[in-house]
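Below: the structure, in structure tokens.
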Amino acid sequence: MGVGNSAFHIPVSRPSQLQNCTLINQTSNSMQVDCMEGFDGGLPQSFLMEVLELPSLRPRLNLTTYRTPPVFSANGLDAGASYRIILYAENAKGRSDPTIIDPVTFKGVAKLQGLLGKNEGPSSE
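First residue of the sequence shown? That's 1 in UniProt numbering, and the numbers climb one at a time after it.
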């Protein structure tokens with residue numbers, strides 16, 4: 001009785017879109033974005049985050065991670081500015097569809113401190 005040769009063909013493809021991307025730990029000039037990866041397409045994948053300034057769409061940051069699940073930390077962003085965040089998974093077959101978080105606005109610390117000292121109502125004295 002012989003041993004037969006069996007071949008399995010597993011198709012490879014671009015990775016699936018990143019899921020449940022959440023903006024956390026946002027300060028006046030930094031942020032962290034956590035995501036869940038989708039199907040890797042049968043290949044090793046990396047994860048990318050692009051930060052574009054609004055409304056000009058001028059690139060501010062490009063970050064890459066191989067960590068699973070993907071976590072991105074961005075620092076040195078401008079207080080008071082708005083950004084579009086575009087997230088991708090990528091493998092040897094190409095990029096996933098983008099996941100977009102838009103707009104993300106950073107509040108200036110000075111603006112927040114100015115509001116804390118105001119007395120909004122009439123004095124009861």
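Beta carbons: idealized from backbone N, C-alpha and C, even for Gly.
Counting beta carbon pairs with one atom in the region 38-48 and one in the region 88-105, are three or more of them shorter than 8 Å? yes
* To do: Could you check which residue in Met31, Val33, Ile100 and Gly41 has the C-alpha nearest to that of Arg84?
  => As a first step, residue 84 is located in the sequence shown; it is residue number 84 there, counting from the start. The option with the nearest alpha carbon to Arg84 is Ile100.
task: Just tell me which of Glu37, Asn25 and Asn29 has its CA closest to the CA of Tyr66.
output: Stepping through the sequence shown from its first residue, residue 66 is reached at position 66. The option with the nearest alpha carbon to Tyr66 is Glu37.
- Task: Measure the beta-carbon distance from Pro103 to Ser73 and round it to whole angstroms, keeping in mind my assumption that it falls under 8 Å.
- Result: Here the question's residue 103 lines up with position 103 in the sequence shown. Here the question's residue 73 lines up with position 73 in the sequence shown. Not quite, the Cβ-Cβ distance comes to about 19 Å (not below 8 Å), so this is no contact.
Exercise for review: Would you kindly report the start and end of the unbroken beta strand (DSSP E) that includes Thr22?
Suggested key: To locate residue 22, count along the sequence shown from 1; it is residue 22. Looking at the DSSP string, the run of the beta strand (DSSP E) that includes Thr22 is Gln19 to Ile24.
For the beta strand (DSSP E) that contains Gln45, what are its first and last residues? Counted from its first residue, the sequence shown places residue 45 at position 45. Gln45 -> no beta strand (DSSP E), and no H or E assigned at all.
*Opposing strand residues paired with Tyr83 [DSSP bridges]*: On the sequence shown, position 83 is the one that residue 83 refers to. Its beta-bridge partners are Glu53 and Val104.
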